[in-house]
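Sequential numbering from 378 applies to the sequence shown in our numbering.
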Amino acid sequence: MGRIRVLVVDDHRIFAESLAAALAAEPDVDVSAAGSGPAALRCLDRAAAEGRRYDVMLVDADLGAAVGPTASVAVARAVPDHGEGVVDGISLVAGVRSAQPAVRTVVLAEKDDAHRAALALQAGASGWVAKDCSLQRLLAVIRGVLRDETHLPPALLTGVLRELTAARKHRTESEQLVESLTPREREVLRCMVAGLGRKAVAERLFLSPHTVRTHMQNVLGKLGVHSTLAAVALARRAGVGPAELAGDVVERGGQLA
Numbered sequence: 378m379g380r381i382r383v384l385v386v387d388d389h390r391i392f393a394e395s396l397a398a399a400l401a402a403e404p405d406v407d408v409s410a411a412g413s414g415p416a417a418l419r420c421l422d423r424a425a426a427e428g429r430r431y432d433v434m435l436v437d438a439d440l441g442a443a444v445g446p447t448a449s450v451a452v453a454r455a456v457p458d459h460g461e462g463v464v465d466g467i468s469l470v471a472g473v474r475s476a477q478p479a480v481r482t483v484v485l486a487e488k489d490d491a492h493r494a495a496l497a498l499q500a501g502a503s504g505w506v507a508k509d510c511s512l513q514r515l516l517a518v519i520r521g522v523l524r525d526e527t528h529l530p531p532a533l534l535t536g537v538l539r540e541l542t543a544a545r546k547h548r549t550e551s552e553q554l555v556e557s558l559t560p561r562e563r564e565v566l567r568c569m570v571a572g573l574g575r576k577a578v579a580e581r582l583f584l585s586p587h588t589v590r591t592h593m594q595n596v597l598g599k600l601g602v603h604s605t606l607a608a609v610a611l612a613r614r615a616g617v618g619p620a621e622l623a624g625d626v627v628e629r630g631g632q633l634a
């Protein structure tokens with residue numbers, strides 16, 4: 378398999394450095410540590426630019442990270458924003474999975490949590506491992522995910538399966554609701570997902586603010602929600618992405634009006 382390049386991402390410095398040192402003792406492992414999301418993104422971008430991408434990223438489930446101007450555009454767009462520009466480790470996994478899909482990610486957790494483990498898998502993680510597991514167990518997981526295996530603690534399997542089944546059901550229901558929207562309403566919804574306000578949507582689609590308000594009200598009504606935040610959450614479950622910021626919606630605005 379050759380040498381394995383591992384990036385440890387944890388804002389508890391002692392833990393990150395200790396784990397990195399333990400992994401580095403392995404003859405086939407090269408390891409680096411990052412203490413935050415932005416630091417991890419810089420490491421990933423720099424490694425990719427130099428043609429030496431990381432193979433596996435180990436991410437603290439409770440990581441606090443701010444996606445700012447130091448992050449690559451691809452990752453910054455892919456990382457879901459939960460307000461104030463702050464994301465957790467699982468959201469960081471989603472962004473990195475989208476921008477650098479060849480990097481396998483494993484989430485390190487303080488405790489077993491079927492719901493969060495399922496979210497991690499949906500975000501693109503290949504494994505969920507307890508922080509207090511043995512080094513040999515962690516090494517087995519690292520090597521396993523490089524063979525496209527998925528690793529979960531046995532005690533979580535039933536709960537994670539239940540969570541994933543429920544998520545698929547919710548996604549199907551959300552997709553059906555989104556399909557009830559007109560093409561114009563779907564464009565407005567994509568703008569909402571992108572975080573645009575009424576005035577900005579009006580400018581992008583060459584519509585009056587009053588017309589945009591009507592479209593937004595129709596979107597909320599058809600989706601059965603009472604706020605923009607809830608509409609965006611439902612849209613994301615249905616796989617609706619944000620409107621591109623480069624003007625693709627504007628160019629089609631006249632045709633859909």
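All C-beta atoms, glycine included, are put in the ideal place defined by N, C-alpha and C.
Inset, instruction - Just mark Asp405 as buried or exposed, buried being the case when its beta carbon has 16 or more other beta carbons within 10 Å. - result: exposed
Inset, instruction - Entirely within the region 459 to 499 and at least 3 residues each: give me those beta strand (DSSP E) ranges in chain order. - result: 481 to 486
Legend entry - Spatial neighbours of Glu461 in its chain, beta-carbon cut-off 6 Å, leaving aside the 5 residues before and after: Any reading at Glu461 needs caution, since the residue's pLDDT is 35, under 50, leaving its predicted position unreliable; the model's value is listed next. Nothing listed; no residue qualifies.
Legend entry - Pick from Leu554, Ala517 and Arg590 that is closest to Val602, judged by C-alpha positions: Leu554
Inset, instruction - Quick one: grab the DSSP three-state call for Gly412. - result: coil
Inset, instruction - Could you tell me which of Leu566, Leu597, Ala494 and Lys508 sits nearest to Ala620, measuring between CA atoms? - result: Leu566
Inset, instruction - Would you mind stating whether Ala571 and Leu533 have Cβ atoms separated by less than 9 Å? - result: no
Legend entry - Reduced DSSP secondary structure (H/G/I, E/B, other) of His528: strand
Inset, instruction - Taking Ala438 and Arg474 to be in contact with their CB atoms under 8 Å, please state how far apart those CB atoms are, rounded to whole angstroms. - result: At roughly 15 Å, the Cβ-Cβ gap does not stay under 8 Å, so Ala438 and Arg474 are not in contact.
Inset, instruction - Please report how far the alpha carbon of Ile519 lies from the alpha carbon of Ala398, in whole angstroms. - result: Going from the Cα of Ile519 to the Cα of Ala398 covers about 15 Å.
Legend entry - Buried or exposed by the 16-neighbour rule on C-beta atoms within 10 Å, applied to Gln477: The C-beta of Gln477 has 16 or more other C-beta atoms within 10 Å across all chains shown, which makes the residue buried.
Inset, instruction - Check Arg429 in the structure and name its three-state DSSP category. - result: The answer is coil: DSSP assigns Arg429 none of H, G, I, E or B.
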